[in-house]
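For the sequence shown, the working numbering begins at 8 and goes up steadily by one.
Note that the Cβ used here is the ideal one computed from N, Cα and C, for glycine as well.
None of the values given here were measured: they were computed from a predicted structure.
Please read the structure below before turning to the comments.
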Amino acid sequence: MLPESWCGVVGGIEVAVKGKSLVLLAGAVVVLGAFIWFFERHQPASDEARIEEGRVFGGLEEDAVIGVDITNRHGVFSLRRSQRGWRLTEPIEAEADQGAVDAALRALVQLKRDRTLGPDEVESSAYGLDHPEATVILTLSSGRTQTLTIGNSTALDSKRAVTTDMKTVILTSGTFFASVDKGLDDWRSREVVDVTLNQLAAITVRTGNGTIEAVHLGDTWLLRSPVNDRADVDHLQNLISGLNGLRVEAFTEESTDIAAMGLVGPETTVLLVPADGAPGLALEFGMTREFGASTQVACRSSGTDIFWVNNRAVNALGKAAIRWRDPKVLAFDTWDVTALSLSEGSTSIDISREDGLWRFGDGTEAVSAEVMARLSALAGLKAVDFDLMDLGTPEMGRVALSLDGDDTAIIVSFFEPLADGGNILVTVSGRDTVMSVAPDGIQSIVGDHQALR
């Protein structure tokens with residue numbers, strides 16, 4: 008047993024030893040952690056890195072490729088990326104099939120190495136790489152290029168031999184080859200038009216019946232030819248949707264006789280003018296032909312590309328100008344109305360909206376549901392005919408509307424028909440035409456003022 012005076016010394020030694028051990032242990036943890044960090048920083052950090060290592064083009068990203076040059080049994084094709092997408096530059100200048108180019112590029116970037124054979128293991132000529140079936144050159148945004156030489160397929164076409172340096176032979180899945188083994192027609196876009204109505208400043212259609220022109224001003228489409236009037240936005244939207252749906256059914260040879268296709272003095276011409284100042288698109292449509300179960304129309308785009316398209320959308324271009332006119336007597340949003348005046352014979356009534364409530368001039372509240380019902384009926388009123396003669400029949404009623412943000416009131420005037428039950432004539436301030444509307448419901452718009460109280 009130790010003397011009592013030694014116990015404190017021994018206890019201190021034990022504490023010192025334990026403290027020193029903890030310091031050494033902590034130091035070892037720090038060193039180990041630093042080693043792991045340094046080691047892992049220089050190793051594949053994830054499954055993604057290992058996947059990239061197994062790819063023929065390593066970590067190449069699709070977005071880094073700005074050019075694709077393909078030589079195959081069909082010819083030589085050059086494709087270049089622009090702000091609007093991929094464009095074919097050789098052997099002709101034309102819009103490229105975006106889906107075809109994207110699919111080929113994706114297949115190339117994701118191409119995996121199934122097996123790699125060094126120059127000491129095999130001769131590249133043994134796999135046809137000295138006379139390749141196709142060659143692909145990828146141009147990167149950095150200016151560098153990467154080349155893939157594609158040789159023969161193996162038994163059962165399950166594998167393809169490729170090389171990126173003409174030294175090592177890489178065996179890959181052969182399924183990618185179909186994406187690059189395409190001819191000119193497969194690289195060309197079959198899309199004729201790709202635009203929305205809001206992207207356009209003007210639309211012009213010329214046919215044997217004359218010229219129809221619509222222009223986009225602010226939020227409104229207006230007809231400028233053959234009459235000045237509001238355009239029917241729904242009709243314009245359907246027209247553009249039809250043009251967007253056009254697809255090239257068959258391309259033509261450069262030596263095609265355009266006169267024989269009816270493209271000298273074409274039957275129909277469409278001009279689409281973009282609002283952003285970009286070059287417009289001119290489409291000329293000529294003769295038709297029966298091809299299989301469909302009818303095709305000859306088409307020339309912007310004076311260069313000539314092809315055949317289905318005639319479904321083209322038929323709509325020949326519709327009469329009246330189809331282009333807005334059938335709504337007055338196009339407005341009922342919630343934009345801030346005040347209205349209703350007149351019938353010698354009586355009239357004025358109503359305005361204040362803090363969300365409709366009130367008469369003396370401040371009393373009007374029946375809001377009745378006011379909104381009349382406004383909705385007026386907004387839904389459609390013309391039966393346009394450009395009629397003013398017959399001078401008595402006025403049967405009038406509506407004056409004030410719209411939010413517009414200091415000028417819009418006047419809608421209704422006139423008695425020539426015969427009982429006949430259509431009612433109507434004029435709208437700012438719209439230079441006399442229209443007719445069905446008589447049903449007009450009285451419910453301008454008459455029975457008492458129902459508003």
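CB-CB length for residue 405 against residue 383, believed under 8 Å: The residue labelled residue 405 in the question sits at position 398 within the sequence shown. The residue labelled residue 383 in the question sits at position 376 within the sequence shown. Their Cβ separation, rounded to whole angstroms, is 18 Å, which puts residue 405 and residue 383 out of contact at 8 Å.
Could I get the ranges of all uninterrupted beta strand (DSSP E) runs contained in the region 116-198, with 3 residues as the minimum, in chain order? The DSSP assignment places complete beta strand (DSSP E) segments of no fewer than 3 residues inside the region 116-198 at 122-124, 141-147, 152-160, 166-170, 176-180, in order along the chain.
Quick check on residue 329: does DSSP put it in helix, strand or coil? Working through the sequence shown from its first residue, we reach residue 329 at position 322. Correct three-state label for residue 329: helix.
Across which residues does DSSP place residue 213 in a beta bridge pair? Translated into positions along the sequence shown, residue 213 becomes position 206. In DSSP, residue 213 forms a bridge with 218, 276.
Over the uninterrupted beta strand (DSSP E) stretch that includes residue 245, give me the two end residues. Locating residue 245 in the sequence shown gives position 238, counting from the first residue. Run containing residue 245: none in the beta strand (DSSP E); it sits in the alpha helix (DSSP H), 240-251.
Helix or strand or just coil, what does DSSP make of residue 372? Numbered from its first residue, the sequence shown carries residue 372 at position 365. If DSSP states are grouped into helix, strand and coil, residue 372 belongs with the strands.
Quick one: what does DSSP say residue 223 is sitting in, helix, strand or coil? Against the sequence shown, residue 223 aligns to sequence position 216. Strand, per DSSP.
Whole-Å CB distance - residue 409 paired with residue 354, under 8 Å assumed: For the purposes of this step, residue 409 is taken as residue 402 along the sequence shown, with counting starting at 1. For the purposes of this step, residue 354 is taken as residue 347 along the sequence shown, with counting starting at 1. 20 Å between Cβ atoms; not a contact.
Give the DSSP-derived three-state secondary structure of residue 381 in the structure shown. Counted from its first residue, the sequence shown places residue 381 at position 374. Note: residue 381 maps to helix in three-state DSSP.
So is residue 275 buried or exposed if we call it buried at 16+ other beta carbons inside 10 Å? Along the sequence shown, one-based indexing puts residue 275 at 268. By the Cβ neighbour-count rule, residue 275 is buried, with 16 or more other Cβ atoms within 10 Å of its own.
Among 250, 156, 167, 371, which has the Cα closest to the Cα of residue 121? Start at 1 with the first residue of the sequence shown, and residue 121 comes out as number 114. Out of 250, 156, 167, 371, 167 has the C-alpha closest to the C-alpha of residue 121.
Go through its chain and collect everything with a Cβ distance to residue 391's Cβ below 8 Å, but skip five positions before and after it. As a position in the sequence shown, residue 391 is number 384, starting the count at 1. These residues qualify, in order along the chain: 430, 442, 443, 444, 445.
Just list the residues that DSSP pairs residue 89 with in beta bridges. Here the question's residue 89 lines up with position 82 in the sequence shown. For residue 89, the beta-bridge partners assigned by DSSP are 92.
Sheet register partners of residue 305 (DSSP bridge): Counting from 1 along the sequence shown, the entry for residue 305 is found at position 298. DSSP links residue 305 through a beta bridge to 315.
Let me make sure I understand the geometry here. Which of 423, 438, 439 has the alpha-carbon closest to that of residue 432? Here residue 432 corresponds to residue number 425 of the sequence shown, with the count starting at 1. Ranking the options by Cα distance to residue 432, first place goes to 423.
Roughly how many angstroms separate the alpha carbons of residue 228 and residue 236, rounded to a whole number? One-based indexing of the sequence shown puts residue 228 at position 221. One-based indexing of the sequence shown puts residue 236 at position 229. Distance between residue 228 and residue 236, taken at the CA atoms: about 9 Å.
Consult DSSP for residue 351 and reduce its assignment to one of helix, strand or coil. As a working note, residue 351 is residue 344 in the sequence shown. It is a strand residue.
Which of the three DSSP states, helix, strand or coil, is assigned to residue 80? Translated into positions along the sequence shown, residue 80 becomes position 73. Residue 80: coil per DSSP, three-state reduction.
Under DSSP, the beta strand (DSSP E) around residue 336 begins and ends at which residues? The sequence position of residue 336 within the sequence shown is 329, counting from 1. Careful: residue 336 lies outside any beta strand (DSSP E) and carries neither H nor E.
Is residue 106 helix, strand or coil when you go by DSSP? The count along the sequence shown starts at 1 and reaches residue 106 at position 99. Residue 106: helix per DSSP, three-state reduction.
May I ask you to list the residues that DSSP assigns as paired with residue 417? Here residue 417 refers to the residue found at position 410 of the sequence shown. According to DSSP, which records beta bridges pairwise, residue 417 is partnered with 408.
Return yes when the Cβ of residue 126 is within less than 8 Å of the Cβ of residue 189, no when it is not. Locating residue 189 in the sequence shown gives position 182, counting from the first residue. Locating residue 126 in the sequence shown gives position 119, counting from the first residue. No, Cβ-Cβ distance for residue 189 and residue 126 is not below 8 Å.
For residue 273, which residues of its own chain have a beta-carbon under 7 Å away from its beta-carbon, when the five flanking residues on both sides are left out? For this step, residue 273 is matched to residue 266 along the sequence shown. Taken in chain order, the residues that qualify are 291, 292, 293.
Can you find the residues in the same chain that come closer than 8 Å, C-beta to C-beta, to residue 402, ignoring five residues on each side of it along the sequence? As a first step, residue 402 is located in the sequence shown; it is residue number 395 there, counting from the start. Excluding positions up to five away in sequence, the list reads 420, 421, 422, 423.
For residue 308, is the classification buried or exposed, using 16 other Cβ atoms within 10 angstroms of its Cβ as the cut-off for buried? As a working mapping, residue 308 is identified with position 301 in the sequence shown. Its Cβ being crowded by 16 or more others within 10 Å, residue 308 is buried.
Can you tell me the Cβ-Cβ gap for residue 143 and residue 77, rounded? I've got them flagged as a contact below 8 Å. For the purposes of this step, residue 143 is taken as the residue at position 136 of the sequence shown. For the purposes of this step, residue 77 is taken as the residue at position 70 of the sequence shown. Correct: roughly 5 Å between the Cβ atoms.
Separation of residue 162 from residue 288, as counted between CA atoms: Start at 1 with the first residue of the sequence shown, and residue 288 comes out as number 281. Start at 1 with the first residue of the sequence shown, and residue 162 comes out as number 155. C-alpha separation (whole angstroms): 50 Å.
Report buried or exposed for residue 150, applying the criterion of at least 16 other Cβ atoms within 10 angstroms of its Cβ. In the sequence shown, the residue the question calls residue 150 occupies position 143. If you draw a 10 Å sphere on the C-beta of residue 150, you find fewer than 16 other C-beta atoms in it, and that means exposed.
How is residue 447 classed by DSSP in three states: helix, strand or coil? Translated into positions along the sequence shown, residue 447 becomes position 440. Residue 447: coil per DSSP, three-state reduction.
Among the candidates 369, 160, 347, whose CA atom is the shortest distance from the CA of residue 359? One-based indexing of the sequence shown puts residue 359 at position 352. The shortest Cα separation from residue 359 among 369, 160, 347 belongs to 347.
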